[in-house]
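Asks: Residue numbers (my numbering): 1287 to 1410. Every residue gets a Cβ at the ideal spot worked out from N, C-alpha and C, and that includes glycine. As the structure is a computational prediction, the values presented were derived from the model and not from experiment. Shown below is the structure under consideration.
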């Protein structure tokens, strides 16, 4: 099996159908069904394509998943239920507020697009 796999890799590395036909040695292959071989090749190509699609989607998910905090500071309002500081009523807070000094660098922790940004400046 390993030899057959090595031979197949060598043939594929030739690049073109013409070069493969020039180099392939069919003397010790015995009898085989070309239609079955073609169907197996097509199935393998489809499977490889599905694997590549799956890996791409997993890579996209990994790269878009935040890792760590974007800035050093104090969590001023955690994720979850809280009293809305503007409306004064209980509601679900879908974010995580981090308080830090003005001018502190902020780092992206994942790939993505900012769709909403809230900057609250409190006067002291």
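Between the alpha carbons of residue 1382 and residue 1358, how many angstroms are there, rounded?
Replies: Cα-Cα distance, rounded: 13 Å.
Asks: Considering only the beta carbon of each residue, do residue 1394 and residue 1350 sit closer than 8 Å?
Replies: No, Cβ-Cβ distance for residue 1394 and residue 1350 is not below 8 Å.
Asks: So which of 1366, 1375, 1398 and 1361 has the shortest CA-CA distance to residue 1385?
Replies: Ranking the options by Cα distance to residue 1385, first place goes to 1361.
Asks: Along the chain, where does the alpha helix (DSSP H) containing residue 1384 start, and where does it finish?
Replies: Careful: residue 1384 lies outside any alpha helix (DSSP H), inside the beta strand (DSSP E) at 1383-1385.
Asks: Got a sec: is the Cβ-Cβ distance from residue 1324 to anything in chain B below 8 Å?
Replies: This model lacks chain B altogether, as it is built from one protein chain only.
Asks: For residue 1378 versus residue 1367, is the C-beta spacing smaller than 8 Å?
Replies: It is a contact, given that the beta carbons lie within the stated cut-off.
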